[in-house]
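S.K.: This structure is in C-alpha cells; I'll ask about it shortly.
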Amino acid sequence: MTGPRAAPQASWIIPGLAVLAIAVAAAALTVGAFPVTLEGFIRAVKNLWSGDLPQTSEERVLFGIRGPRILAGLIVGAALAGAGVVYQGLFRNPLVSPDVLGVSAGAGLGAVIGIFLSLPVFAIQMLAFGGGLATVGLVYLIAVAVRGRDPTLVLVLGGVVVGALAGAAISLLKILADPYDQLPAITFWLLGSLASVRGGDLWNVMPAVLIGLVPLVLLRWQINVLSLGDEEAKSLGVESGRLRVIVIAAATLMTASVVAISGVIGWVGLVIPHIARMLVGPNFERLLPAAMLMGASYLVLVDTLARSLGRVEVPIGILTAVVGAPFFLWLLWRGRHGWS
Amino acid sequence: MTRIDRRSFVAGASMMLLARPAHAARTVTDSAGRTVTLPDRIDHVFAAGGPASVVVYAVRPETMVGWPRALRAEERPFIAPAQRDLPEIGLLTGRGDTANVETVLKMKPDLIVDYGSVRQTFATLADSVQQRTGIPYVLIDGRFEASSSSFRLLGNIFGVPERGEALATYSDDLFKNLDTTLKGIPEEQRPRVYLARGPDGLETGLKGSINTEIIERAGGRNVADAQDQRRGIANVSPEQILAWNPDVIVTWDRNFHDKLAKGGDPLWQGVKAVKDGRVYLAPTAPFGWIDRPPSINRLIGLRWLANLFHGARFPFDIRQDTRAFYKLFYHVDVTDSDLDTLIAWADGKPPSRPARR
Numbered sequence: 001m002t003g004p005r006a007a008p009q010a011s012w013i014i015p016g017l018a019v020l021a022i023a024v025a026a027a028a029l030t031v032g033a034f035p036v037t038l039e040g041f042i043r044a045v046k047n048l049w050s051g052d053l054p055q056t057s058e059e060r061v062l063f064g065i066r067g068p069r070i071l072a073g074l075i076v077g078a079a080l081a082g083a084g085v086v087y088q089g090l091f092r093n094p095l096v097s098p099d100v101l102g103v104s105a106g107a108g109l110g111a112v113i114g115i116f117l118s119l120p121v122f123a124i125q126m127l128a129f130g131g132g133l134a135t136v137g138l139v140y141l142i143a144v145a146v147r148g149r150d151p152t153l154v155l156v157l158g159g160v161v162v163g164a165l166a167g168a169a170i171s172l173l174k175i176l177a178d179p180y181d182q183l184p185a186i187t188f189w190l191l192g193s194l195a196s197v198r199g200g201d202l203w204n205v206m207p208a209v210l211i212g213l214v215p216l217v218l219l220r221w222q223i224n225v226l227s228l229g230d231e232e233a234k235s236l237g238v239e240s241g242r243l244r245v246i247v248i249a250a251a252t253l254m255t256a257s258v259v260a261i262s263g264v265i266g267w268v269g270l271v272i273p274h275i276a277r278m279l280v281g282p283n284f285e286r287l288l289p290a291a292m293l294m295g296a297s298y299l300v301l302v303d304t305l306a307r308s309l310g311r312v313e314v315p316i317g318i319l320t321a322v323v324g325a326p327f328f329l330w331l332l333w334r335g336r337h338g339w340s
Numbered sequence: 001m002t003r004i005d006r007r008s009f010v011a012g013a014s015m016m017l018l019a020r021p022a023h024a025a026r027t028v029t030d031s032a033g034r035t036v037t038l039p040d041r042i043d044h045v046f047a048a049g050g051p052a053s054v055v056v057y058a059v060r061p062e063t064m065v066g067w068p069r070a071l072r073a074e075e076r077p078f079i080a081p082a083q084r085d086l087p088e089i090g091l092l093t094g095r096g097d098t099a100n101v102e103t104v105l106k107m108k109p110d111l112i113v114d115y116g117s118v119r120q121t122f123a124t125l126a127d128s129v130q131q132r133t134g135i136p137y138v139l140i141d142g143r144f145e146a147s148s149s150s151f152r153l154l155g156n157i158f159g160v161p162e163r164g165e166a167l168a169t170y171s172d173d174l175f176k177n178l179d180t181t182l183k184g185i186p187e188e189q190r191p192r193v194y195l196a197r198g199p200d201g202l203e204t205g206l207k208g209s210i211n212t213e214i215i216e217r218a219g220g221r222n223v224a225d226a227q228d229q230r231r232g233i234a235n236v237s238p239e240q241i242l243a244w245n246p247d248v249i250v251t252w253d254r255n256f257h258d259k260l261a262k263g264g265d266p267l268w269q270g271v272k273a274v275k276d277g278r279v280y281l282a283p284t285a286p287f288g289w290i291d292r293p294p295s296i297n298r299l300i301g302l303r304w305l306a307n308l309f310h311g312a313r314f315p316f317d318i319r320q321d322t323r324a325f326y327k328l329f330y331h332v333d334v335t336d337s338d339l340d341t342l343i344a345w346a347d348g349k350p351p352s353r354p355a356r357r
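Written out as C-alpha cells, the structure reads:
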C-alpha cells in the first residue's frame, strides 16, 4: 500500500477479497446467542441438503435467522460500498457517501411515516424504499430546474436541502408519535439494524440491487471517464448528462432497496471506497468489485459484533460510526493517497 | 429502597398534616421532596404527560383541561362523557415536548401534575416550569410500589382524601394479595416471559424498566435481562428470543399478535410460548392494560396477567373485575357490548382497526 499507482498490478486482490468475504460469512455463522453444536450444524446442513424444511430450533437459527441475516449483511454492505464508489467518482469528491442526495433521509422519512401509521413491517419497508427513491428524484428535478450552474454542485446542494427537509419532517413525526410504542420503534429504525431481517426480505431486495448493478457493470468504462470531469468526458465522446442520470438512478436503487430492510447505516459507503481505492487504485472496473466485496465482509463483521456484544443488540449504525469515524480521521491525517 | 421508603414516609407524613379542611394557601411535599405551595381551590389541572393524565383522570376527572393526545374512537366508550371530548394538549416534559409553556399558561391551570420518575432531572424541570409560569407543579412517584401512597398524596392535593383512600385501598389489596400468593410460588415455577413491542416484536423492555415491572409483579420472570445496569427499551435479535425460549409472550401490538396467531412467521413458531399457545394480547382501551402509558392503568393488567401466569391461584373474573375496575378508576359503567369487546380483545381478537388520527 505505497500508493494508488503501485497497487493495480496485483490481480489476486479481488479473488482474495472474495475468499475473505466467504470466510467472514462462514465464521459469522458459528457465532450467536443460540448455542449450535458441531453435530447440530452438520445434521442441519444434511437436512437442508435433503430438502427438509427447518424442524429443530438449531435449523431455524441457522437457516431462518442467522443465515438470512448474514446474507443480508453481505448484500447491504456490498450495495452501500458500491454506491459509495459510484457517488464518489461521479461527484469527484472523497467526502461523498451514498446518502449525499438524500436517499437515507428520504427512506428514513418513509419508514417513520409507516411506523407512525402503525403499518405492518412490509409496508414500512416499501415506504422506506419509495421514500428514498422519491427524495433523490426530487433532488434531481431541482438540479434540472436550476440550469446554467455547475450540475454537480446543484445536485449536492439540492441533496442537502431536501435531506434537511426530510429530517425536519422526521422530527415532527417523532414529536407526534406515541411515546410509548412508536417513538422507540422510530429511534431503532433510524439507527439501523439487521436484527429483523427474514429470508423473504432478501428475495425482495436482491432483484433491485441486481437491477442497479447491471448498468454500473455495463457502463464501467464510461463511468471511469466521467470521473475525469465533464470536459474530458465530452472530448472522449461520453455524453455526461444522460450517463449521470443512469448512474445516479442505479446507485440510488441499490441504496434505497438495502436501506429499506436495514435502516440507516452510515459510514460504510464513505469509508470502504477509500480503503478499496488504497488497495486497487482508482480504476472503476476494479474499484467497484473490490469495494463491494470489502463492504460485504465489513458489514457482516460489524453485524456479528452487534449481535454478540451483549444479550441486547447494539444498533449496527452506532457501531459503524464508532469504527468508521476514527478511521476516516486517520485517512484525513494520513491524507496522501489520491482519490481519483 | 431506603430512599424510596423515606419518600413515601414523607408523602404519608405530609398527608397527615394536610388532613384538615383546606381554606388558606397550603403547602405540600411532593414525591421528589419538593415543597410546593398550593392554591385554595384546584379546579383546573394540567397533566404533564400520559401517565399523569391517567392518574389525574382517576382521582379527580372534573379538573382535567385536556389529554396529551385526543382519544381514539376505540377508547372513547371507556371514558366518562364529560372528559371524552377534551382537547389535545400535548406533553410538557419527558420525551418530545409538544406543549410549550405558553400553551400551558393559556389553559390557566391551578396546578401541573407529573406522574412517573421523580429523579433529579424531572425535579429540576418541574422547578424550572414552576418558576417560569408561576403555576405550582407537583411531581408524583409513578412506580407500581408507590401507587397507594401516590393516590393518597393526590387525594390530599386535590382536596378529595376519601377518593385517594378508595383508590389506595384497591391497589393495597391487590398488591397484598399478590405478595401473599407469590410467596408460595418458587422462582422456578414462575413463567419466563417476553414482552414484545414494536411492529416486528423485537423491541422489549429490559428487566427493571418501568415498562416491564408488571411482569415481575404478576409473578413472572422477564427473560430480557441484560444483567448489567441497563434499563429501558432495547432491541433484541430473533435468535436471542429462540435462545431465551420464553414460556409466555405478552404484547399489545395487534399487527404482531396477528402475525403470530396466523402462524405467518415460521421463526416464532419454534418458541415455546407460541407452540403452547401462550401469546397474549393486552387491550389498550382506554389505556393499555400492561403498559402504554406506564401508569395506574396497569393495575387491571396486573390482575389479568397474574391469572394468566398462575391460573386459579389468582382468581380473575374478567367480566366482574374489569367492570369494577373501570367503574372505580375510569368512572364508567361499561355496557355489556363494550365489555364483550374488551374480553374478546384480551382473548386475542381486537376490534377492527380504528382510524388513526
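Protein sequence lines, in the order shown, are assigned to chains D and R.
First residue of the first sequence? That's 1 in the UniProt record's numbering, and the numbers climb one at a time after it.
First residue of the second sequence? That's 1 in the UniProt record's numbering, and the numbers climb one at a time after it.
The C-beta atom is built at its ideal place from N, Cα and C for all residues, glycine as well.
Computed from a predicted model, the values in this text were never measured in an experiment.
1. Is the CB of D/T320 under 8 Å away from at least one CB in chain R?
2. How about D/G266 and D/A81: do their beta carbons lie closer than 8 Å?
3. Using C-beta distances below 6 Å, list every residue in its chain close to R/A52, excluding the 5 sequence neighbours before and after it, in chain order.
4. Establish whether the CB of D/V214 and some CB of chain R are separated by less than 8 Å.
5. Could you tell me which residues DSSP puts in a beta bridge with D/M254?
6. Taking only beta-carbon positions, decide if R/V236 is within less than 8 Å of chain D.
7. In chain R, which residues lie less than 8 Å from D/I115 when you measure between Cβ atoms?
8. So D/V264 contacts chain R; which residues on that side make the cut at Cβ distance below 7 Å?
9. Cβ of R/P293 less than 8 Å from any chain D Cβ?
10. Could you have a look at D/F91 and say whether DSSP puts it in helix, strand or coil?
11. Identify the contact partners of R/A218 in chain D, using a Cβ-Cβ distance below 8 Å as the criterion.
12. Smallest Cα separation from R/W244: which of D/V61, D/N47, D/L38?
13. Within 10 angstroms of the Cβ of D/L37, are there 16 or more other Cβ atoms? Answer buried if so, exposed if not.
14. Looking only at its chain, what residues have a beta carbon closer than 8 Å to the beta carbon of D/A28, apart from the 5 residues adjacent to it on each side?
15. Would a check of beta-carbon distances place D/I124 closer than 8 Å to chain R?
16. On the three-state DSSP scale, how would you describe R/G116?
17. Could you spell out the range, first to last residue, of the beta strand (DSSP E) harbouring R/D141?
18. Look at the alpha carbon of R/D258 and the alpha carbon of R/I210, and state the distance between them as a whole number of angstroms.
19. Residues of chain R with a CB under 8 Å from the CB of D/I65: which are they?
20. Name, please, each residue of chain R whose Cβ falls closer than 7 Å to the Cβ of residue 376 of chain D.
21. Against D/V121, what residues of chain R qualify as contacts under a CB-to-CB distance less than 7 Å, listed in chain order?
22. Within 8 Å of any Cβ in chain D, is that where the Cβ of R/E203 sits?
23. Within its chain, find whatever has a CB closer than 7 Å to the CB of R/T35; leave out the 5 residues flanking it on each side and keep chain order.
24. For R/Y280, which of helix, strand or coil comes out of DSSP?
25. I need the boundaries of the alpha helix (DSSP H) containing D/Y140, first residue and last residue.
26. Kindly list, in the order they appear in chain D, the residues whose Cβ is closer than 7 Å to that of residue 368 of chain R.
27. Measure how close the beta-carbons of D/F188 and R/N235 come, nearest whole angstrom, since I'm counting them as under 8 Å.
28. Leaving out the 5 sequence neighbours to the left and right, which residues in its chain are closer than 8 Å to D/I75 when beta-carbon positions are compared?
29. Quick check: D/L109 and D/G131, are their CB atoms within less than 8 Å of each other?
30. Pop quiz: R/F122 and R/P286 are said to be a contact at Cβ under 8 Å. What is the actual Cβ separation, rounded to whole angstroms?
31. Going straight from the alpha carbon of R/R95 to that of D/G40, what length do you get?
32. On the criterion of 16 or more Cβ atoms from any shown chain inside 10 Å, does D/D99 qualify as buried, or is it exposed?
33. Report the three-state DSSP secondary structure of R/F256 (helix, strand or coil).
34. Distance check for R/G142 and R/V118, CA to CA, integer angstroms please.
35. Output the distance between the C-alpha atoms of D/A145 and D/L155, rounded to the nearest integer angstrom.
36. Find the residues of chain D that neighbour R/L206, judging by a C-beta separation of less than 8 Å, and give them in chain order.
M.R.: Taking the structure as given:
1. no
2. no
3. V113, D114, Y115
4. no
5. Paired residues: none, contrary to the question.
6. yes
7. P199
8. Those within 7 Å of D/V264 in chain R number zero; the least Cβ separation is about 14 Å.
9. Yes, its Cβ sits closer than 8 Å to a Cβ of chain D.
10. coil
11. Here the premise fails: no neighbours, minimum Cβ distance about 19 Å.
12. D/V61
13. This sequence places Thr at residue 37 of chain D; Leu is not what is there. Of the residues assessed, D/T37 falls on the exposed side of the cut-off, its CB having fewer than 16 other CB atoms within 10 angstroms.
14. R66, I70, G73, V300, L301, D303, T304
15. yes
16. DSSP places R/G116 in strand when its eight states are reduced to three.
17. 137-141
18. Straight-line Cα distance between these residues: approximately 26 Å.
19. Ordered by position in chain R, the residues that pass the 8 Å Cβ test against D/I65 are S237, P238, E239, L242, L267.
20. Given that chain D is displayed from residue 1 to residue 340, the structure contains no residue 376 of chain D and the question cannot be resolved.
21. P199, D200
22. Chain D, which has a Cβ nearer than 8 Å to the Cβ of R/E203, makes this yes.
23. T27, T29
24. strand
25. Taken as a continuous stretch (DSSP letters only), the alpha helix (DSSP H) holding D/Y140 covers 121-145.
26. With chain R covering 1 to 357 only, the question about residue 368 of chain R has no answer from this structure.
27. 5 Å
28. L202, V205, M206, V209, V258, A296
29. yes
30. Rounded, the Cβ-Cβ distance is 25 Å, inconsistent with contact.
31. In this predicted model, R/R95 has a pLDDT of only 38, less than 50, meaning its place in the structure is not dependable enough to derive any value.
32. buried
33. helix
34. Each residue's alpha carbon lies about 8 Å from the other.
35. 11 Å
36. V312
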